[in-house]
Amino acid sequence: MKNYTRYFSSLSLATCLALTNAVANEKDTNSLGEVSIIETTIDSHVKSITSKKLENLQASDIKDILKSMPSVVVDGNARYSQKVYVRGLEDKSSNITIDGARISGQLFHHSGDQTIDAQMLKIGSIELGPNSALSGPGVINGSFVYETKDPSDYLQEDETFGGQVGASYQSAYGRKGFDVAVFSKVNDKLEFVGIGNISDDNKLEIPGVEDIESKESTLKSGLVKLIFKPNNENIFKLSYNKYEDGGDRQLAGEKVGSNSPTVDPHNEISRDSYSLNYNYNPKSDLVNLEAKVYKTTQSLEIEGDNNIDGAYWLWEKGVNQITDEPTMNFENRSKGIDLRNTTFLSNHKITYGASYDNDEQEAIADGLARYVTGPKAGQTVDLSVSGGETKEYALYLEDEIQLDKFLLTFGARYDVHKLSGVYSGRNSQVSPKFKGEYQVTDNLKLRTGYGRIFKGPSLGETMLLVYGVSKNTHHAQAQTGNNFELGFDYDLSNILGADNSSFGFTAYKYNVDNYMHPTKNLKLTNQNDIKIWGIESVFRYTKDDLSLSLSHTYTDGEAEDLATGEKYDHFTSNIHTFKVDADYEVNEQLYLNYNAEFVPGNKIKNSFQTKKEKRSGYGVHNIATTYSLKTLKGAKLSLGIDNIFDKKYTRHTAFGAYWGEPDSGSYEVGRNFKVKLSYKF
Numbered sequence: 005m006k007n008y009t010r011y012f013s014s015l016s017l018a019t020c021l022a023l024t025n026a027v028a029n030e031k032d033t034n035s036l037g038e039v040s041i042i043e044t045t046i047d048s049h050v051k052s053i054t055s056k057k058l059e060n061l062q063a064s065d066i067k068d069i070l071k072s073m074p075s076v077v078v079d080g081n082a083r084y085s086q087k088v089y090v091r092g093l094e095d096k097s098s099n100i101t102i103d104g105a106r107i108s109g110q111l112f113h114h115s116g117d118q119t120i121d122a123q124m125l126k127i128g129s130i131e132l133g134p135n136s137a138l139s140g141p142g143v144i145n146g147s148f149v150y151e152t153k154d155p156s157d158y159l160q161e162d163e164t165f166g167g168q169v170g171a172s173y174q175s176a177y178g179r180k181g182f183d184v185a186v187f188s189k190v191n192d193k194l195e196f197v198g199i200g201n202i203s204d205d206n207k208l209e210i211p212g213v214e215d216i217e218s219k220e221s222t223l224k225s226g227l228v229k230l231i232f233k234p235n236n237e238n239i240f241k242l243s244y245n246k247y248e249d250g251g252d253r254q255l256a257g258e259k260v261g262s263n264s265p266t267v268d269p270h271n272e273i274s275r276d277s278y279s280l281n282y283n284y285n286p287k288s289d290l291v292n293l294e295a296k297v298y299k300t301t302q303s304l305e306i307e308g309d310n311n312i313d314g315a316y317w318l319w320e321k322g323v324n325q326i327t328d329e330p331t332m333n334f335e336n337r338s339k340g341i342d343l344r345n346t347t348f349l350s351n352h353k354i355t356y357g358a359s360y361d362n363d364e365q366e367a368i369a370d371g372l373a374r375y376v377t378g379p380k381a382g383q384t385v386d387l388s389v390s391g392g393e394t395k396e397y398a399l400y401l402e403d404e405i406q407l408d409k410f411l412l413t414f415g416a417r418y419d420v421h422k423l424s425g426v427y428s429g430r431n432s433q434v435s436p437k438f439k440g441e442y443q444v445t446d447n448l449k450l451r452t453g454y455g456r457i458f459k460g461p462s463l464g465e466t467m468l469l470v471y472g473v474s475k476n477t478h479h480a481q482a483q484t485g486n487n488f489e490l491g492f493d494y495d496l497s498n499i500l501g502a503d504n505s506s507f508g509f510t511a512y513k514y515n516v517d518n519y520m521h522p523t524k525n526l527k528l529t530n531q532n533d534i535k536i537w538g539i540e541s542v543f544r545y546t547k548d549d550l551s552l553s554l555s556h557t558y559t560d561g562e563a564e565d566l567a568t569g570e571k572y573d574h575f576t577s578n579i580h581t582f583k584v585d586a587d588y589e590v591n592e593q594l595y596l597n598y599n600a601e602f603v604p605g606n607k608i609k610n611s612f613q614t615k616k617e618k619r620s621g622y623g624v625h626n627i628a629t630t631y632s633l634k635t636l637k638g639a640k641l642s643l644g645i646d647n648i649f650d651k652k653y654t655r656h657t658a659f660g661a662y663w664g665e666p667d668s669g670s671y672e673v674g675r676n677f678k679v680k681l682s683y684k685f
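Note that the working numbering numbers the sequence shown so that position 81 is 85, with each residue one more than the last.
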């Protein structure tokens, strides 16, 4: 397997060098003012998460949404367990928004925090790296931007009102789903859409083991959006997005699970996001104003109970006692505002603005806890705790300059990060950014990029507030570093006789000094100095009704423990990932898709290990098809099979797998038959 890994790594590099000596004037070109913005191969690929694609693949969780993206890994089987990694670090080092509303913080270290329902999405995109001044505060490895559906995504040009219903089933999750949407163009100025989705998970089918029954849960999600266009110059979008996923399930979703119901109390993860987006565009080169205001509450609720033998929150080692304990709600709350304008001056596209973001956390008890028996019998305890708070202020500027064959983007951010609540401290930095492109020939484009990294101290894991938190006794340092990138794009359209075809390659390296992760980190301790490097190769091909993408990514890195000075492999190190995605529209009625992922085995030695441990390789194949029924206009039947060959595997970033004990964590589900019938009227 070692030779196999070296072979593919060499092949990726050889392909890059060969293409450099051959002939990327990209076909995906947007002309804005006098500045021609030519998307790179990788950029166009990571902006390809559309509602049509997600519907055709019957996407039902964050893994389905992101699985074709290069440099992105999503592990875990149950929906609430899934964690997202991009360019070697978890999404806690990313900026995540839905309709402009930030999702931030960590609720519990054994569950994921990207509470996104594919049923609501119009489009999703990822910006890899921290090279843009416009991506928001605290970006280290990238930013995730999700936008929910508009009424116009459902309505045809001559329609003013309609609806859509759908029913689905997925065998490997026992997942039964039902969704409904209502949409209307009330008049020329006002549009409305409302979407509701319920998805009930029963058992998890893992190859070679008994079904997992301790992760049963139900997702309830919804969207309400109003769009108001008083005239051609102004647009207001007001949206509310609800996500609630819970059940009588084990609390630690990323752990292995059992074939019997859980003993953990009922628990659910929920998110409520409100956002107002405004755009003023008077068709002037000087003014294109965008403003957003948002508020997000993401919470973990754990049901209380009476007469708990041994206690739950009040558990003490070696103490026999019975307690009455209340329902606990752990909240991460975010709110903010962003105001920016874009101005065109000659060959300059200048975007400048300011933002304010506020995050706070709290543990809220629905009543007092009481010791029923034991040495503290009769005593009561208030488990409510106010945690930390952050305030982030930013000014930013970015200038895209078109100079003949050069496209140069200079940017900078000035960020101020303040800690309050139970913490105190202030960090600030001016962070320069740069992206450069040079069109060498009609087909070959060279790229480079740089981004100074700044992320203020992150709030610790919210659920652990209940065990107590004290003021930070040290000044928590900001996470800082530098990101460097080199790459090229090569247009293969003429060579391959394609409508559009290109190959893109990027090599990157970045460091993060004073890195900190929120897991079990209520003291806000800076834990590591980290170095991450890797490569990304993407090939895209479109001809008539066939679309194909191939990608290879490699991630490596090392970490140095700030307390001991010990150096070791970062647990996302030495991972090669190959992805294939092919779409074919046979005709207006029939759509076909094949996608696959291949990961060779590897060895690492991280902070959990005394010697190098092997992570086994795997290959997974998926197929999907959608057929629009001729006999019933608006009706569609979607079928699919994920993990066709019923492979037992775990992703290399998963709990257990990253220290060489995959049986401690979550294996991915086996062969999954999927079916959905939808009807639009």
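Ideal Cβ positions, reconstructed from N, Cα and C, are used throughout, including at glycine.
Locate the beta strand (DSSP E) running through residue 684, then write down its first and last residues. First-last of the beta strand (DSSP E) with residue 684: 676-684.
On the three-state DSSP scale, how would you describe residue 162? Residue 162: coil per DSSP, three-state reduction.
Nearest to residue 503 by CA position, among 549, 485, 516, is which residue? Comparing Cα positions, the closest option is 549.
Just to check, is the beta-carbon of residue 683 closer than 8 Å to a non-hydrogen atom of the ligand COA? The model depicted lacks the ligand COA and carries no ligand whatsoever.
Backbone CA spacing between residue 72 and residue 183 [nearest angstrom]: Straight-line Cα distance between these residues: approximately 24 Å.
CA-CA distance, residue 154 and residue 580? Between the C-alpha atoms of residue 154 and residue 580 there is a straight-line separation of about 38 Å.
Assuming residue 468 and residue 552 make a contact with CB atoms under 8 Å, what is their CB distance in whole Å? That pair is no contact at about 46 Å.
Spell out a yes or no on whether the region 141-158 and the region 99-112 are touching, meaning 3 or more CB-CB pairs, one atom from each, closer than 8 Å. Put simply, the region 141-158 touches the region 99-112. At least three CB pairs are less than 8 Å apart.
Secondary structure of residue 332, DSSP reduced to three states: It is a strand residue.
Helix, strand or coil, according to DSSP, for residue 239 in the structure here? DSSP places residue 239 in strand when its eight states are reduced to three.
Rank 206, 266, 463, 54 by C-alpha distance to the C-alpha of residue 520 and give the top, closest one. Of the listed residues, the one whose Cα sits closest to residue 520 is 463.
Limits of the alpha helix (DSSP H) - the one that residue 388 falls within: Looking at the DSSP string, residue 388 is not in any alpha helix (DSSP H), and its letter there is neither H nor E.
Would you kindly report the start and end of the unbroken beta strand (DSSP E) that includes residue 560? From DSSP, the beta strand (DSSP E) with residue 560 extends over 550-565.
How is residue 35 classed by DSSP in three states: helix, strand or coil? At residue 35 the pLDDT is 40, less than 50, meaning the model places this residue with poor confidence; the figure from the coordinates comes in the next sentence. Three-state DSSP puts residue 35 in a strand.
Is residue 118 closer than 9 Å to residue 64 when the C-beta atoms are compared? The answer is no: Cβ separation not under 9 Å.
DSSP-derived helix/strand/coil call for residue 667: Correct three-state label for residue 667: helix.
When 115, 510, 219 are compared against residue 207, the one with the closest alpha-carbon: Looking from the CA of residue 207, the closest CA among 115, 510, 219 belongs to 219.
Confirm, please, whether the CB-CB distance from residue 459 to residue 143 is below 9 Å. In contact: residue 143 and residue 459 (Cβ atoms closer than 9 Å).
Straight-line CA distance for residue 372 to residue 386? Each residue's CA atom was taken as its position, placing residue 372 and residue 386 some 5 Å apart.
Is it the case that the Cβ atoms of residue 80 and residue 543 are separated by a distance below 9 Å? No. Outside cutoff.
Chain-order list of residues whose beta-carbon lies under 8 Å from that of residue 94 (same chain, five-residue window excluded): Only 87, 88, 521 meet the Cβ criterion.
Environment of residue 499 [buried if 16+ CB atoms lie within 10 Å]: Label assigned to residue 499: exposed.
Could you tell me which residues DSSP pairs with residue 532 in its beta bridges? Looking at the DSSP output, residue 532 sits in a beta bridge with 519, 565.
Take residue 264 and list the residues in its own chain whose beta-carbon comes closer than 8 Å to its own, dropping the five residues that flank it on each side. Same-chain partners within the cutoff: 217, 218.
Any C-beta of chain C under 9 Å from that of residue 642: Checking the listed chains, one finds no chain C in this structure; it contains a single protein chain.
Extent of the continuous beta strand (DSSP E) run through residue 366: In this chain, the beta strand (DSSP E) harbouring residue 366 covers 352-369.
Which residue marks the beginning of the beta strand (DSSP E) containing residue 424, and which one marks its end? Membership of residue 424 in the beta strand (DSSP E) is indicated by the continuous run 410-425.
With a threshold of 6 Å on Cβ separation, who are the neighbours of residue 233 within its own chain once the five nearest residues in sequence on each side are excluded? Taken in chain order, the residues that qualify are 193, 239.
Under 9 Å, do residue 91 and residue 133 count as touching if we go by C-beta distance? Cβ distance < 9 Å, so residue 91 and residue 133 count as in contact.
Since residue 168 sits in a beta bridge, which residues does DSSP pair it with? Bridge pairing for residue 168: 185, 684 [DSSP].
Across the region 244-253 and the region 270-290, are there enough close Cβ pairs to call them in contact, namely three or more that are closer than 8 Å? Yes, since at least three Cβ pairs between the region 244-253 and the region 270-290 fall closer than 8 Å, the two stretches touch.
If the criterion is Cβ atoms closer than 9 Å, does the pair residue 210 and residue 644 meet it? No; because the gap between Cβ atoms is not below 9 Å, this pair is not in contact.
Less than 9 Å between the C-beta atoms of residue 379 and residue 302, yes or no? Not a contact, by the Cβ cut-off of 9 Å.
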